[in-house]
Amino acid sequence: MDEKIGRRERLDRGIKVRTEGIYAISSWRGIAYSLFPTFSFVLGMLIIPLVVPSMTWQRIMTIACIFALLALSFDFLAHFVGIVCLGGAFFTGVGGYISGVLNSAFGLPMVITIPIATIAGGAICTLFLLPCLPIRGIYFAIVSLMYPLLFARVIQALELFGGTDGLPGLATFPNIWVELYFIIPMTLILTFGLRRLVNEDFGIVLRAIKDNDQAVRASNINIAWYKTKAVFIASAIGCFAGACLAHLYGWVGLSLFALDFSIFPIAATVVGGVGTLVGPIIGAFILAPLSEMLRAFGPLRVVFYSLILAGLVVFKTEGLVPFLQRKYHQFERWTEI
Amino acid sequence: MSEDVVLQVKRVNKSFGGVKAVDNVSFDAFKGEILGIIGPNGSGKTTLVNLITGFVKADSGMVFAEGKKLTGLGPDKIAGLGIVRTFQIPRPYHSLSVVKNLVVPLYSSRIMHTIGGKLGDRDTVALDILEEIGFERDAHVPYKLASAFSEGYLKRLELARCLALRPYIIIMDELFSGLSVSEIAAIIPMVERLQMNGITIIMVEHRVRELFQIAHRVMVMNFGEKIAEDIPKKIIESEIVKQAYLGVT
C-alpha cells in the first residue's frame, strides 16, 4: 500500500478547535492566518491610489472614500445602536457648510476648519436629531431624511451663505496625492477605531440597546444619553466627510444636501455586508467606480446600475464581506495521517 | 418593626382605558423576606411590578423604598437605587455573549462608581456572577451567544443581570414560568441564598406550589385588587382565595 492516506482539514483547525471566538495563537502560521484578511484590506486600501490608471480615477477614489465614511457611519448606527439614520446628506451638508463658511468668511486654513467642522458639525447634527431619539425605526429615518431638504430650502430661500450659488473659491488640497493619503488613512483609522469601540464596554452597552432597550433601562443605564453619544460619533464622521468634500471641490453649495449622500451609503452597506464595518468601505469602493464605469451607457446607466444592485441583493443577500469571511474559514488542506 | 420596612406601596392605581389594572393596592415588604404575589391571569400582578419599577406611571398613589419616593422616577433611576426586576419573558441581548450580557449592568453608574466596578476587569466580575448563578466557568458556555441558550438558562441570566447591580430588593416577575420541575428545583436554592444574604425578594408567580415552599408571606390579587395577604398556610385555607382561583361561589 504505497498510496498515502489523507484527510481534508480546515486551515483554521488548529486555531478554532480549542475555543469558539477566542483564538489561541500558537504558531506563525496561525498568526498569519488570523491577520491576513485585515492586512490585505489595509494594504489594498493604501495601494489603490498607486494602481489606478489616471488622475480622474484617483479623484473617483477620493469620492469613494467620502461615501465609504458615510456608509461607515450608517452601518455603525444601524447595526450597533439600532438607529436607522438616513442623515448622510444632513451630515455632509452641515459639515461642508461649517468648513466652507469658516474658510471663506474668516480665512481659516483647512487644518483648522476640518476639525472644527467635524466636532461642531457633529454637535449641531446631534442637537437637531435629539428630539427624535425616543422614536424608533422608520420614524427616525424619516426625520433624518427630512432635515437636509429643510436646510437646503432655508439656505435657498433666505439667501444664506451665498444662497443657490454657494461659496466658491475655498482652499483645496495642494495635490491629488495629499488628498488621497489624507482621506484613505483617516478612513482606515475610523473603521478600525469604530470596530474597536463596538467591542469595548461602551460599545457593548450600545449593542445591548439595539437588542433590548427595556432590559438596558432596567440595568440602571440612561439609554437616551448613550444614544446621544452614538449619534454624535456617527454625525461627526459624516461631518468630517462633508468638510473634506467641501475642500476637495473648493466649493460648497446646495448639492452637499443632495439625497445621494443619504441613499448611496445604504446601498454600499448592503453590498458590503451589514454589521461588519469593513463591508461598507468595500461596498463603497465597488459601487462608486462601478457607477463611473457605467457612464458609457449614457441614459441607460441607472438601469444597469439598478440591475447590478438588485442582482447583488438577491443573490448575495448577506453581503460580500460575510460571504468572503465564510469562504475564508472553509479553506481546506490535505494532511497525511 | 416599622424600621424594617424596605418597600412601601401606598394605594396605587392604574387604568388602561376603562380597565382598572391595579386598583388601590397597598402593601409593605420587610427586609430580608420573600413576599409572594399570586393571582389569576390578568389580575394586575405584572402591572404592579411595572408600577413599582417605573416602567408604567401610576395614575395615583405612591411607592417608597427606604423612605425615598420612587413614584415619578424612570426605570433606570429606580434600578440605580437598588430596586431591580427580572422580566417575565427573558430579555437577553441576543447578539452578545453571556459574559458581555453582564457587562451592561456592570457598566451602569450604580456599579461603575462603587468598588465592585473597579475590582478589575468587568469580564472577570461577570464570570464570577455567572458561576454563582450556575453557568459553568471553565467551558465555552459563558462565551456563547445568549441566543443559543434555553429558557432555563435565560431565566438565570435575568437573575444574574439583577445580581450584577447589587440590589437590596429584587422583584421577580414569574421566574418559574416556562421552566421544568428540575430547573425550578435548581433555582430555588439560589433564591433562598439571596434571601439569606438580606436581600428582599418579591416573587410574582403562577407556580403556587413551588412558591409556597419558600415564601414567608403571600399576597393575593384578583381583578386588580388585593384580596388577601397572609402566611402561605393560611392563604391555602382561605375561602376568598379559593373563590378567586376556582370561581366557586
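As they're listed, the protein sequences go chains A and B.
The letter at position 290 of the first sequence is residue 312 when you use our numbering, and the numbering goes up by one with no holes.
The letter at position 177 of the second sequence is residue 1655 when you use our numbering, and the numbering goes up by one with no holes.
In this text, a Cβ means the ideal position worked out from N, Cα and C, and glycines have one as well.
Just so we're clear, the structure is a prediction, and the values are computed from it rather than from any experiment.
Exercise. Helix, strand or coil for A1706(B) per DSSP?
Worked result: Here residue 1706(B) is taken as the residue at index 228 of the second sequence, counted from 1. Here A1706(B) sits in strand by DSSP.
For this session: Name, in chain order, the residues that DSSP records as bridge partners for P190(A).
Result: Within the first sequence, the letter at position 168 stands for residue 190(A). Answer is W273(A), bridged to P190(A).
Problem set entry | Among S1587(B), R1489(B), G1532(B), nearest to G1539(B) - alpha-carbon criterion | Here residue 1539(B) is taken as the residue at index 61 of the second sequence, counted from 1. Nearest of S1587(B), R1489(B), G1532(B) to G1539(B), Cα basis: R1489(B).
Exercise. How many angstroms separate the CA atom of R1644(B) from the CA atom of R1634(B)?
Worked result: In the second sequence, residue 1644(B) corresponds to position 166, counting from 1. In the second sequence, residue 1634(B) corresponds to position 156, counting from 1. So the two alpha carbons sit approximately 16 angstroms from each other.
Problem set entry | Chain-order list of residues whose beta-carbon lies under 7 angstroms from that of L167(A) (same chain, five-residue window excluded) | The residue given as residue 167(A) occupies position 145 in the first sequence. The residues L108, S284, in chain order, have a CB closer than 7 angstroms to that of L167(A) in the same chain once the five nearest residues on each side in sequence are set aside.
Exercise. For a contact meaning CB atoms closer than 9 angstroms, what does V1562(B) contact in chain A?
Worked result: For the purposes of this step, residue 1562(B) is identified with residue 84 of the second sequence, where counting begins at 1. Within 9 angstroms Cβ-Cβ: A240, S241, N242.
Problem set entry | Inter-residue CB distance, R32(A) and Q352(A) (contact presumed, cutoff 8 angstroms) | Indexing the first sequence from 1 puts residue 32(A) at position 10. Indexing the first sequence from 1 puts residue 352(A) at position 330. With a beta-carbon spacing of about 7 angstroms, R32(A) and Q352(A) fall inside the 8 angstroms limit used to define contacts.
Problem set entry | Rounded Cβ spacing between G1514(B) and A1693(B) (contact assumed at less than 8 angstroms) | Taking the first residue of the second sequence as 1, we reach residue 1514(B) at position 36. Taking the first residue of the second sequence as 1, we reach residue 1693(B) at position 215. Cβ-Cβ separation between G1514(B) and A1693(B): approximately 4 angstroms, consistent with a contact (criterion under 8 angstroms).
Problem set entry | Residue of R1563(B), F1701(B), G1517(B), L1672(B) minimising C-alpha distance to F1533(B) | Counting from 1 along the second sequence, the entry for residue 1533(B) is found at position 55. Distances from the alpha-carbon of F1533(B) to those of R1563(B), F1701(B), G1517(B), L1672(B) put R1563(B) closest.
Exercise. Is any heavy atom of the ligand FMN found at a distance shorter than 7 angstroms from the C-beta of L299(A)?
Worked result: Because no ligand of any kind appears in the structure shown, any question about the ligand FMN cannot be addressed here.
Exercise. Does the beta-carbon distance from A142(A) to I120(A) come in below 8 angstroms?
Worked result: Looking up residue 142(A) in the first sequence gives position 120. Looking up residue 120(A) in the first sequence gives position 98. The answer is yes: Cβ separation under 8 angstroms.
For this session: Quick one: which residues of the region 333-354 of chain A get their C-beta closer than 8 angstroms to a C-beta of chain B? List them in chain order.
Result: Going along the region 333-354 of chain A in chain order, one finds no residue with a Cβ nearer than 8 angstroms to chain B.
Exercise. Just curious, the alpha helix (DSSP H) that S1661(B) is in, first and last residue?
Worked result: The residue given as residue 1661(B) occupies position 183 in the second sequence. Note on residue identity: the sequence assigns Glu, not Ser, to residue 1661(B). Counting along the chain, the alpha helix (DSSP H) containing E1661(B) begins and ends at 1659-1674.
Problem set entry | Backbone CA spacing between L312(A) and L331(A) [nearest angstrom] | The sequence position of residue 312(A) within the first sequence is 290, counting from 1. The sequence position of residue 331(A) within the first sequence is 309, counting from 1. Straight-line spacing of the CA atoms in L312(A) and L331(A) works out to 10 angstroms.
Exercise. At least one CB of chain A closer than 8 angstroms to the CB of M1479(B): is that the case?
Worked result: Looking up residue 1479(B) in the second sequence gives position 1. Its pLDDT being 42, under 50, M1479(B) is placed unreliably by the model, and nothing is read from it.
For this session: With 8 angstroms as the threshold, decide whether the Cβ of V227(A) is near any Cβ in chain B.
Result: Counting from one through the first sequence, the residue named residue 227(A) turns up at place 205. Closer than 8 angstroms to some Cβ of chain B, the Cβ of V227(A) qualifies, so yes.
Exercise. Within this structure, are the beta carbons of F102(A) and K232(A) separated by less than 8 angstroms?
Worked result: Against the first sequence, residue 102(A) aligns to sequence position 80. Against the first sequence, residue 232(A) aligns to sequence position 210. Closer than 8 angstroms, so yes.
Exercise. Is DSSP giving M1479(B) helix, strand or coil here?
Worked result: Start at 1 with the first residue of the second sequence, and residue 1479(B) comes out as number 1. Confidence at M1479(B) is low in this model, with a pLDDT of 42, below 50, so its placement is unreliable and no value can be given for it.
Exercise. If F96(A) and T291(A) are in contact, beta carbons under 8 angstroms, what's the gap, nearest whole angstrom?
Worked result: In the first sequence, the residue the question calls residue 96(A) occupies position 74. In the first sequence, the residue the question calls residue 291(A) occupies position 269. Correct: roughly 6 angstroms between the Cβ atoms.
For this session: For D233(A), decide whether its Cβ has a neighbour in chain B, counting only Cβ atoms nearer than 8 angstroms.
Result: In the first sequence, counting from the first residue as 1, residue 233(A) sits at position 211. At least one chain B Cβ lies under 8 angstroms of D233(A).
For this session: Would you check if the region 131-148 of chain A and the region 261-276 of chain A touch, i.e. whether three or more CB-CB distances between them fall below 8 angstroms?
Result: Two segments are said to touch when three or more pairs of C-beta atoms, one from each, lie closer than 8 angstroms; by this definition the region 261-276 of chain A touches the region 131-148 of chain A.
For this session: Give a yes or no on whether the minimum CB-CB distance between A100(A) and chain E is below 8 angstroms.
Result: No chain E is present in this structure, whose protein chains are A and B.
For this session: Can you tell me which of the three DSSP states S1716(B) falls into?
Result: For this step, residue 1716(B) is matched to residue 238 along the second sequence. Here DSSP, grouped into helix, strand and coil, assigns S1716(B) to coil.
Exercise. Should Y55(A) be labelled buried (16 or more other beta-carbon atoms within 10 Å of its own) or exposed?
Worked result: Along the first sequence, read from residue 1 onward, the residue named residue 55(A) stands at position 33. Burial call: buried.
Exercise. Taking Cβ positions only, does A237(A) come closer than 8 angstroms to chain B?
Worked result: To locate residue 237(A), count along the first sequence from 1; it is residue 215. The C-beta of A237(A) comes closer than 8 angstroms to at least one C-beta of chain B.
Exercise. Considering only C-alpha positions, which residue in the set A1642(B), F1613(B), I1556(B), I1679(B) is nearest to E1509(B)?
Worked result: Locating residue 1509(B) in the second sequence gives position 31, where the first residue counts as 1. One detail in the question is off: residue 1509(B) reads as Lys in this sequence, not Glu. Taking the Cα of K1509(B) as reference, the smallest distance to any Cα among A1642(B), F1613(B), I1556(B), I1679(B) is reached at I1679(B).
For this session: Specify, as a first and last residue, the run of the alpha helix (DSSP H) that S328(A) falls within.
Result: Counted from its first residue, the first sequence places residue 328(A) at position 306. Start and end: 323-337.
Exercise. Helix, strand or coil: how does DSSP classify Q1691(B) here?
Worked result: The count along the second sequence starts at 1 and reaches residue 1691(B) at position 213. Helix at Q1691(B).
For this session: Please work out which residues of its chain come closer than 8 angstroms, Cβ to Cβ, to V1719(B), disregarding the five sequence neighbours upstream and downstream, and give them in chain order.
Result: As a first step, residue 1719(B) must be located in the second sequence, where it is residue number 241. Shown here for V1719(B): same chain residues with a beta carbon closer than 8 angstroms to its own, the five before and five after excluded, namely V1698, I1705, A1706, I1713 in chain order.
For this session: Could you please give the first and the last residue of the uninterrupted beta strand (DSSP E) stretch that includes E1469(B)?
Result: In the structure as shown, chain B starts at 1479 and stops at 1727, and residue 1469(B) therefore has no counterpart that could be examined.
Exercise. Should K249(A) and L124(A) be called a contact, given that it needs their Cβ atoms to be closer than 8 angstroms?
Worked result: Along the first sequence, one-based indexing puts residue 249(A) at 227. Along the first sequence, one-based indexing puts residue 124(A) at 102. For the 8 angstroms CB-CB criterion, K249(A) and L124(A) do not form a contact.
Problem set entry | Straight-line gap, E222(A) to V1582(B) (C-alpha atoms, nearest Å) | Here residue 222(A) is taken as the residue at index 200 of the first sequence, counted from 1. Here residue 1582(B) is taken as the residue at index 104 of the second sequence, counted from 1. The alpha-carbon atoms of E222(A) and V1582(B) are separated by roughly 11 angstroms.
Exercise. Going along the region 1576-1594 of chain B in order, which residues come within less than 9 angstroms of chain A, judged by CB to CB distance?
Worked result: Within the region 1576-1594 of chain B, the qualifying residues are K1578, N1579, V1581, V1582, P1583, L1584, Y1585, S1586, S1587, R1588, I1589.
For this session: Determine which residues share a DSSP beta bridge with S1493(B) and list them.
Result: To locate residue 1493(B), count along the second sequence from 1; it is residue 15. Under DSSP, S1493(B) takes part in a beta bridge, and its partners are K1498(B).
For this session: Pull out every residue of the region 1538-1559 of chain B whose Cβ sits closer than 9 angstroms to any Cβ of chain A, in chain order.
Result: Within the region 1538-1559 of chain B, the qualifying residues are G1552, P1553, D1554, K1555, I1556, A1557, G1558, L1559.
Exercise. Going along chain A in order, which residues have a C-beta closer than 8 angstroms to the C-beta of L1574(B)?
Worked result: The residue given as residue 1574(B) occupies position 96 in the second sequence. By Cβ distance, chain A contributes I226, R229, A230, D233.
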